[in-house]
Amino acid sequence: MPNNPFYCSSCAHRGPAPGFCGTCPDEPLLDLRQEDVRNTLDELDTRARQTRQGKVVLGSVALIGIPAWFAVFRIVGGELGILVGVGLASVTAAAIMRYLPVRRRMPELTDAELASIRSDATGNRR
Ligand SMILES: [Zn+2]
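Quick note, my numbering runs 2 ahead of the 1-based positions in the sequence shown.
Here it is, written out as structure tokens:
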């Protein structure tokens, strides 16, 4: 990663030198060449996505699934309501996760950057 390996996880600024982010005064720049830094950012992203997913599923079930189940149950009766409720809640949750994704903290790295990281790692193994 020859250019701008130092990264602000708050505003996604990338810079060539270590230090603090110019925009976010208290945010130290992270060195993306370090594997544990990348792993930590990835882990934070995964956890944030899982937390969001839990809330979205709960919200979809409460606001869409249960009312839909109740409405279908009242009109048609039987177990069709459960199917409709689960189906509508699932589609709603999937759509929210797809179109309103959690902002990732780990930046997308270009192929050149990844290749550079890999060659650095190989070079360090002596
Ligand atoms: Zn920043």
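Yeah, the Cβ is synthetic: ideal placement off N, Cα and C, and Gly gets one too.
Presumed contact (8 Å Cβ cut-off) between residue i and residue j, rounded CB distance
i    : j    : result
D44  : P7   : D44 to P7, Cβ: 16 Å. No contact.
A50  : V104 : 5 Å
V58  : A95  : 5 Å
R16  : I119 : About 14 Å; that fails the 8 Å criterion.
G83  : W71  : 4 Å
R107 : D28  : Actually they are not in contact, since the Cβ atoms of R107 and D28 sit about 16 Å apart, beyond 8 Å.
Residue i CB to nearest heavy atom of ligand 1 below 7 Å
i   : result
T25 : yes
S12 : yes
E29 : yes
Top-ranked residue by Cα proximity to residue i, from the options
i   : options              : result
A19 : Y9, D28, T25         : Y9
A73 : L90, A95, A97        : L90
P69 : V86, E81, E37        : V86
M99 : A114, R40, P109, Q55 : Q55
C13 : D113, E37, P109      : P109
I66 : V93, E81, N41        : V93
A97 : S62, N5, Q52, R40    : S62
V39 : S11, I77, A114       : S11
Within the region 46 to 121, ranges of the beta strand (DSSP E) (whole runs, at least 3 residues): none
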